[in-house]
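Only one structure is covered here, and it is reproduced in the block below.
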Amino acid sequence: MPMKITKKLRRLAAPGLLCLPLACAANPNALWEIVHDYCEPAAEGAQVRQKCADVNLAGGYAVLKDIVGAAQYLLIPTARVSGIESPELLEPHAPNYFRDAWNARGYVFRALRRTLPRDEISLAINSASGRTQNQLHIHIDCLASDVAQTLRELGPGIGTAWKPLPVRLRGHVYSAMRIDDADLAHTDPFKLVAPYAASRGQTMGEQTLLLVGAVRGDGVHAFFLLNDHVQPGNWASSEELQDHTCSLANRSIEKP
15 MPMKITKKLR RLAAPGLLCL PLACAANPNA LWEIVHDYCE PAAEGAQVRQ KCADVNLAGG
75 YAVLKDIVGA AQYLLIPTAR VSGIESPELL EPHAPNYFRD AWNARGYVFR ALRRTLPRDE
135 ISLAINSASG RTQNQLHIHI DCLASDVAQT LRELGPGIGT AWKPLPVRLR GHVYSAMRID
195 DADLAHTDPF KLVAPYAASR GQTMGEQTLL LVGAVRGDGV HAFFLLNDHV QPGNWASSEE
255 LQDHTCSLAN RSIEKP
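Every position in the sequence shown, counted from 1, becomes a number in this note's numbering once 14 is added.
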């Protein structure tokens with residue numbers, strides 16, 4: 015594995031942090047370079063600085079602190095996977111990156127120095143048009159407080175089949191479904207949205223997903239999976255529903 019580290023990459027990647035937003039936009043391979051040139055080699059024993067919070071070589075992923083936000087982390091494959099459009103995500107034995115990202119939410123809690131309720135933490139992946147990086151990455155961060163409140167109010171009406179939400183979120187119409195699998199042991203969100211997108215004549219690259227923890231009325235743990243797609247004037251970035259300042263960590267939202 016090449017160990018060459020360029021001056022450009024040194025500027026992009028501060029210790030333990032993702033590159034600055036403008037630098038990332040200028041270099042769409044910055045995330046891949048950080049994981050490939052630093053995180054994975056360091057985990058294998060190479061004498062390079064470890065920039066990731068965690069590298070799971072067996073699981074094939076790394077967890078990286080994003081410089082944007084108080085507690086935002088990214089789950090990034092160690093294999094070259096471009097994004098939500100990558101066909102390998104739909105293979106029968108593909109890694110369940112959403113499950114791995116959910117299991118990594120403890121990094122957010124540690125950064126905040128408190129644990130958030132299940133329905134205040136979220137995972138987002140943007141569409142191919144709505145991202146700046148060409149390496150798959152799942153944003154792990156707090157849900158925006160108004161979105162959390164809205165989902166609590168709408169929760170009883172969200173079933174296990176895709177259905178448009180009756181209200182817009184950030185001006186966009188999201189569809190939602192409930193996942194009755196408390197830890198995603200048997201469910202991969204990528205494989206849930208693929209047939210839904212195909213039924214509407216859309217590609218996977220046009221999709222964005224937001225996964226939010228949920229608690230059913232009977233107290234059983236579940237998830238809400240939200241989906242939007244690229245349209246004129248809409249780049250389909252469900253990251254818009256997250257709050258990288260994590261205001262929820264400093265106050266509780268009113269439960270209905």
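Glycine included, C-beta positions come from ideal geometry on N, C-alpha and C.
Listed as beta-bridge partners of Tyr75 by DSSP are Asn70 and Pro91. About 7 Å separates the Cβ atoms of Ala228 and Arg132, confirming a contact at the 8 Å cut-off.
Within the DSSP bridge table, the entry for Gly227 names Phe237 as partners. A buried status is given to Asp242, since no fewer than 16 other beta-carbon atoms sit within 10 Å of its beta-carbon. Counted as a single uninterrupted DSSP element, the stretch harbouring Asp155 is not any alpha helix (DSSP H) but the beta strand (DSSP E) occupying residues Ile152 to Cys156. Per DSSP, the unbroken alpha helix (DSSP H) holding Ser159 starts and ends at Ser159 to Leu168. The C-beta distance from Val77 to Tyr87 rounds to 6 Å, short enough to fall under 8 Å.
Between Ser141 and Ser261, the C-beta spacing is not below 8 Å. By the beta-carbon neighbour count (other beta carbons within 10 angstroms, threshold 16), Thr222 is buried. The way I'd put it, the region 200-209 does touch the region 101-108; three or more beta-carbon pairs between them come closer than 8 Å.
For the pair Leu165 and Ile193, the CB atoms are not nearer than the 8 Å cut-off. In the displayed model, His186 falls within a strand according to three-state DSSP. Counting only residues of its own chain and dropping the five nearest sequence neighbours on each side, Leu103 has a CB closer than 6 Å to the CB of Phe204. If you ignore the 5 residues before and after Leu150, its C-beta comes within less than 6 Å of the C-beta of Pro91, Val95 and Gly97, all in its own chain and listed in chain order. In this model, Arg128 and Tyr121 are separated by some 10 Å (Cα to Cα).
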